[in-house]
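Peer 1: This structure is in structure tokens; I'll ask about it shortly.
Numbering (the numbering used here), first residue to last: -16 to 259.
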């Protein structure tokens, strides 16, 4: 039976899966695959590690919060095998730039729809040793035994999206029978371009973790994706008292009706979900 563990101090039972929640950041090293959805306020910053070893970083929020979090986890000698910029909005790339400037990394991937030259520092672009490339739909890596698949509904080769949110690079991570999907800010129309049938072949039963798109906004909610993947845990990265009305109460209601345990960073703080 799948049994993901979520870090925060409340016990939640969702169907046959028991989730342990522990409030606040943990200094201990989790065994297995751990997903850290860092409380960056209104933005995204996600850190994935395997047995305490960095696997990937997705985005970096809009300040130095992620950098501070990583510093506490890894010390000064941070080294990421993979870093991914979902898209070119400040609440995703400002802190990401700081990580690129301070930490070592092996591979950097971003969409070819990047309009703001500040999103990826020039020193990173100019360093061939860092294997900095524009990604493509379906690009895969295996890092510390974790399968990483990048999903790109839109790029120049697909036709320009109507807005930059839809240029987001989504990321699917799988270790044994634990799976997680991170949607960036993809809006519902772009999510409909994801080949869910192909993705479901990689999922054992229900998807364990879904990082909701666009901070739980109504335009980032796809009923089709929810019904097809049937996620157990839905994490919303969102700022407290934000001016956008995120997350949408309707989205939260729909997720709960679908049997997905909803965790919000504005209420829970940093969220750590570990495979067992």
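All C-beta atoms, glycine included, are put in the ideal place defined by N, C-alpha and C.
Less than 8 Å between the CB atoms is what I'm expecting for residue 172 and residue 152, so what's the real figure, rounded?
Peer 2: The pair is not a contact, with the Cβ atoms about 16 Å apart (cut-off 8 Å).
Peer 1: Name the two residues that bound the continuous beta strand (DSSP E) containing residue 162.
Peer 2: 161 to 165
Peer 1: Closer than 6 Å by C-beta to residue 130: which residues in its own chain qualify, once you throw out the five before and the five after it? Chain order, please.
Peer 2: 157
Peer 1: Identify the residues that DSSP records as bridge partners of residue 247: which are they?
Peer 2: Answer is 219, bridged to residue 247.
Peer 1: Given a cut-off of 7 Å, decide if residue 159 and residue 189 are closer than it, judged by their beta-carbon atoms.
Peer 2: no
Peer 1: May I have the straight-line CA-CA distance separating residue 79 from residue 51, to the nearest angstrom?
Peer 2: 12 Å
Peer 1: Assuming residue 23 contacts residue 220 under a Cβ cut-off of 8 Å, what Cβ separation, rounded to an integer in Å, is found between them?
Peer 2: That pair is a contact at about 7 Å.
Peer 1: Would you say residue 147 and residue 71 are within 7 Å of each other, going by their C-beta atoms?
Peer 2: Result yes, Cβ atoms of residue 147 and residue 71 sit closer than 7 Å.
Peer 1: Give every residue of the same chain whose Cβ lies closer than 6 Å to the Cβ of residue 235, excluding the five residues on either side of it in the sequence, and list them in chain order.
Peer 2: Within the same chain, 245 come within 6 Å of residue 235 by CB-CB distance, once the 5 residues on both sides are set aside.
Peer 1: Quick check on the burial criterion: 16 or more other C-beta atoms within 10 angstroms. Buried or exposed for residue 34?
Peer 2: exposed
Peer 1: Using a Cβ-Cβ cutoff of less than 7 Å, which residues in the same chain neighbour residue 135 once the five nearest sequence positions on both sides are dropped?
Peer 2: 94, 118, 119, 120 and 152
Peer 1: Helix, strand or coil for residue 104, going by three-state DSSP, please let me know.
Peer 2: coil
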